[in-house]
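Take a look at the structure set out below.
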Amino acid sequence: MNSPEFDVIIAGCGPTGAMLAAELRLHDVRVLVLEKEAEPVSFVRIVGLHIRSLELMAMRGLLERVLQHGRRRPAGGFFAAIPKPAPKGLDSAHAYLLGIPQPVIARLLEEHAIGLGAQVRRGCAVAGIEQDDEGVTVEPAGGERLRSRYLVGCDGARSTVRKLLGVGFPGEPARTDTLMGEMEVGVPAEEIAATLAGIREPHHRFWLRPFGEGVYSVVVPAAEVGDHSIPPTIEDFRQRLRAVAGTDFGVHSPRWSSRFGDATRLAERYRSGRVLLAGDAAHIHPPIGGQGLNLGVQDAFNLGWKLAAQIRGWAPETLLDTYHSERHPVAADVLDNTRAQLELMSPEPGPRAVRGLLTELMDFDEVNRRLIEKITAIGVRYDFGEGPDLVGRRLRDIEVEQGRLYDLLRRGRGLLLDRTGRLTPGGWSDRVDHLADPTAAVDVPCLLLRPDGHVAWIGDDQRDLDDHLTRWFGEPVT
Ligand SMILES: Cc1cc2nc3c(=O)[nH]c(=O)nc-3n(C[C@H](O)[C@H](O)[C@H](O)COP(=O)(O)OP(=O)(O)OC[C@H]3O[C@@H](n4cnc5c(N)ncnc54)[C@H](O)[C@@H]3O)c2cc1C
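For the record, in the sequence shown the residue sitting at position 410 is 410 according to our numbering, with numbers rising by one throughout.
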């Protein structure tokens with residue numbers, strides 16, 4: 001067998017695939033992204049980028065660009081849409097939410113990946129895969145067979161890669177469906193506002209919001225769970241609007257329409273040999289709290305440097321498997337919080353009472369903070385074993401002598417932040433940068449950051465540090 005033309009093939013150029021491609025390119029990995037759709041997605045689903053994702057953008061120099069295309073909003077009020085402002089002093093330099101159209105963030109990430117040298121082939125769906133000891137053979141539908149050392153399925157909720165691998169996707173099927181789309185209306189804005197104001201029953205899955213030039217964003221519960229690959233018709237919208245609001249507002253001329261469900265599922269394994277799964281391909285849940293895209297982009301951030309290390313040949317033996325052991329529990333926790341939120345948004349009397357109680361409890365800052373840290377992913381702590389509480393957590397963007405810490409992480413390398421002036425990354429200097437800064441705003445003598453910004457070690461002893469450098473960054477260069 002010839003040596004593979006690519007190091008990594010990624011199936012799917014959504015936000016997860018594009019982020020992963022960019023992360024791999026930081027380490028000169030030869031990446032090909034195969035994307036089923038010939039053109040980027042056109043539906044304007046507004047998503048929220050939460051704090052941790054904004055921090056990732058800052059760590060890769062993308063934050064300014066992303067901020068130009070979105071609207072900043074306060075960080076609080078997202079857990080089950082309970083309108084409580086965030087408590088003061090959230091542990092982040094980027095403590096807000098950014099509302100941004102999904103096609104825009106997807107485009108920015110794709111441009112970022114291409115700018116770093118990733119190849120993206122559109123109109124090319126992965127249809128078959130075969131793996132052996134040396135690599136993976138990928139068969140695009142109607143195209144020539146391609147060969148790579150690894151394949152990552154970032155191909156969304158109905159992932160072909162996951163199905164071809166035969167990886168189980170246990171969880172709950174959709175109980176409800178929601179129709180969403182953009183369309184014109186046939187009645188004046190005042191009439192719409194008056195009708196909406198007159199609806200007494202709370203409907204968390206129903207709204208009409210002006211989108212400019214007579215176009216409205218319409219969301220309405222579907223009559224039943226349907227086939228998500230078939231977009232709803234304008235007549236479907238009219239019927240459901242009449243059922244919920246008593247009028248169809250004269251909707252016509254849809255720009256786009258789609259339906260989504262509330263299925264909740266988690267892949268049993270994120271790795272099967274040389275094939276991995278990330279993003280919606282690995283986990284799906286209802287969009288409450290706006291976490292899916294964030295979770296996928298964060299998967300990519302966790303996986304990128306590990307897979308690159310494997311390709312470059314310096315990865316410790318178990319490093320790639322830590323992708324599953326770290327990210328699978330994080331997704332399980334997100335799935336659980338969306339299950340809880342779904343219950344809290346039910347109009348039934350029991351859940352409404354629980355919601356009332358939780359709303360009261362959120363007056364305690366610690367309760368409110370815990371829920372916000374969950375939704376925004378700044379509370380994630382990977383299990384690195386014994387150690388101070390900060391070990392396993394991400395470090396916030398602190399001030400350092402040269403400016404901001406995150407600006408020093410743009411190349412996707414490890415970082416030794418040393419306030420003692422005595423320690424050194426030594427034989428790992430080709431993978432780990434050294435910042436000797438006695439004034440750095442952290443309350444520890446020295447810490448080691450992984451390329452994803454998580455704290456791998458805290459201490460002041462060179463031998464102990466060397467052990468941890470070996471654990472995360474492999475053998476030193478002598
Ligand atoms: C109404 C709604 C609101 C949402 N709001 C939010 C929010 O506020 N915040 C948030 O974080 N998330 C939100 N989400 C979830 C978010 O949209 C998804 O989690 C996100 O799109 C997942 O990104 P992905 O790259 O993993 O998958 P996708 O975006 O689905 O991308 C997968 C890509 O793979 C391609 N593909 C599929 N099959 C193949 C194949 N065989 N070969 C090659 N390519 C293939 C697809 O064309 C697609 O481009 C929302 C979802 C919905 C439905």
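For every residue, glycine included, the Cβ atom is placed at its ideal position computed from N, Cα and C.
Measuring straight from C-alpha to C-alpha, what distance separates GLY128 and ILE375?
36 Å
Between the Cα of GLY453 and the Cα atoms of GLY427, GLU475, ARG411, LEU465, which residue gives the shortest distance?
ARG411
Might you give, ordered along the chain, the residues of its own chain that have their beta carbon closer than 7 Å to the beta carbon of ARG339, omitting 5 neighbours on each side?
Cβ neighbours of ARG339 beyond the five flanking positions: THR264.
Residue range of the alpha helix (DSSP H) that includes VAL297
Where VAL297 is concerned, the enclosing alpha helix (DSSP H) stretches over 292–312.
With hydrogens ignored, establish whether the beta-carbon of ASN294 is closer than 7 Å to any heavy atom of ligand 1.
yes
If you draw a straight line from the C-alpha of LEU320 to the C-alpha of ALA300, how long is it?
13 Å
Just to check my reading of the structure: GLN119 and VAL31 have Cβ atoms closer than 8 Å, yes? What is that Cβ distance to the nearest angstrom?
With a Cβ gap of about 7 Å, GLN119 and VAL31 count as contacting.
Use the C-beta contact count for ALA222: other C-beta atoms within 10 angstroms, 16 or more gives buried, fewer gives exposed.
buried
Once the 5 residues before and after LEU469 are set aside, which same chain residues still bring their CB inside 6 Å of it?
TRP428
If I follow the unbroken beta strand (DSSP E) through PRO210, where does it start and stop?
Note, PRO210: beta strand (DSSP E), 207–210.
Can you name the residues that DSSP bridges to GLN131?
Listed as beta-bridge partners of GLN131 by DSSP are VAL136.
Short of 6 Å in beta carbon distance, which residues of its chain neighbour ALA125, apart from the five on each side in sequence? Order them along the chain.
LYS36, ALA141
Look at the alpha carbon of VAL477 and the alpha carbon of ASN294, and state the distance between them as a whole number of angstroms.
36 Å
Give every residue of the same chain whose Cβ lies closer than 7 Å to the Cβ of LEU342, excluding the five residues on either side of it in the sequence, and list them in chain order.
ASP262, PRO286, ILE288
Identify the continuous beta strand (DSSP E) that holds LEU108 and give its terminal residues.
From DSSP, LEU108 is part of no beta strand (DSSP E) but of the alpha helix (DSSP H) over 102–115.
For PRO347, count neighbouring Cβ atoms within 10 angstroms of its own Cβ and tell me buried if that reaches 16, exposed if not.
Under this definition PRO347 is an exposed residue.
So who's on the other strand from TRP256, going by DSSP bridges?
TRP256 is bridged to GLU182.
Looking at the unbroken alpha helix (DSSP H) that takes in SER53, where does it start and where does it end?
51–59 is the span of the alpha helix (DSSP H), which, as asked, contains SER53.
Quick check: the region 375–391 against the region 76–93, are at least 3 beta-carbon pairs closer than 8 Å?
Counting C-beta pairs closer than 8 Å gives three or more between the region 76–93 and the region 375–391, which meets the contact rule.
Quick one: what's got a C-beta closer than 6 Å to MET57's C-beta in the same chain, skipping five residues either side?
Contacts found: LEU63, VAL66.
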